[in-house]
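Before any comments, here is the structure.
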Amino acid sequence: MEMRKYRTAMILVIGILVAIMLWQSFSQPSVSDLKGGFTEVAFYRNENNTGPVVRVYIVTVADPESAEMEAYGNYMLHTKFGNTKVYFFPEGSPTPTDVSGGDVNFSSEFNSSYIAKYEKNASGLVVFEKKN
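Position 54 of the sequence shown, counted from 1, bears residue number 53 in numbering that gives the first Met the number 0, the numbering being contiguous throughout.
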């Protein structure tokens with residue numbers, strides 16, 4: 000009888016621990032929880048899996064004044080020794096749909112349109128530049 004109580008208690012404790020772990024796993028904050036109304040418009044990733052992985056995101060922002068743009072950039076995928084760039088454009092403004100890697104990521108006609116740029120380089124250094 001004593002063994003049965005111990006077994007039931009252990010099953011109950013394990014069940015509670017599993018429930019807590021699952022709840023915490025699925026209740027983590029995500030991009031959709033950030034203020035600003037973000038929409039990913041275009042994305043580029045090079046096909047080089049043996050060298051540095053380059054990712055470029057073009058994102059529109061519905062509310063640039065309250066947008067958590069740097070936090071959004073921190074949520075984007077980044078590979079060790081790779082480079083991740085996120086360009087933020089106000090919603091409704093002209094945005095590039097053709098994106099490439101390298102130093103120039105889109106046509107120069109859109110350079111005056113973006114409001115902020117987030118970049119995480121190969122060493123993990125983050126640079127966030129917001130235009131005035």
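Cβ atoms here follow ideal geometry from the backbone N, Cα and C, with glycine treated the same way.
Computed from a predicted model, the values in this text were never measured in an experiment.
C-alpha gap between residue i and residue j, whole angstroms
{"i": "T96", "j": "I13", "result": "50 Å"}
{"i": "V40", "j": "Y56", "result": "8 Å"}
{"i": "S112", "j": "V98", "result": "15 Å"}
{"i": "V17", "j": "K4", "result": "20 Å"}
Cβ shell of residue i (< 6 Å), same chain only, five flanking positions each side left out
{"i": "N120", "result": "N82"}
{"i": "V126", "result": "E118"}
{"i": "V52", "result": "T78 and G81"}
{"i": "E128", "result": "K116"}
Bridge-paired residues (DSSP) for residue i
{"i": "Y133", "result": "Missing from the structure shown is residue 133; the chain here goes from 0 to 131 and no further."}
{"i": "E1", "result": "E1 is not bridged to any residue."}
{"i": "K129", "result": "A115"}
{"i": "F25", "result": "In DSSP, F25 forms no bridge with anything."}
{"i": "F37", "result": "V60"}
Among the options, the one whose alpha carbon lies nearest that of residue i
{"i": "R54", "options": "L124, F109, N104 and I114", "result": "N104"}
{"i": "K84", "options": "G91, P93 and G72", "result": "G72"}
{"i": "Q133", "options": "S111, D102, E90 and Y74", "result": "Nothing in the structure corresponds to residue 133, since the chain is present only between 0 and 131."}
{"i": "Y43", "options": "S111, M20 and Y86", "result": "Y86"}
{"i": "K130", "options": "G123, S122, N110 and L124", "result": "N110"}
{"i": "A70", "options": "N48, G36 and G91", "result": "G36"}
{"i": "G101", "options": "A18, I10 and N47", "result": "N47"}
{"i": "T38", "options": "I15, T59 and P93", "result": "T59"}
Heavy atom of the ligand PLP within 6 Å of residue i beta-carbon
{"i": "E64", "result": "With respect to the ligand PLP, the structure shown offers nothing to examine, as it has no ligands at all."}
Sequence-distant residues of the same chain with beta carbon closer than 8 Å to residue i, five excluded per side
{"i": "K34", "result": "D62, S65, A66 and E67"}
Review point. Residue ranges of each beta strand (DSSP E) run of no fewer than 3 residues wholly in the region 89–119, ordered along the chain?
Key: 115–119
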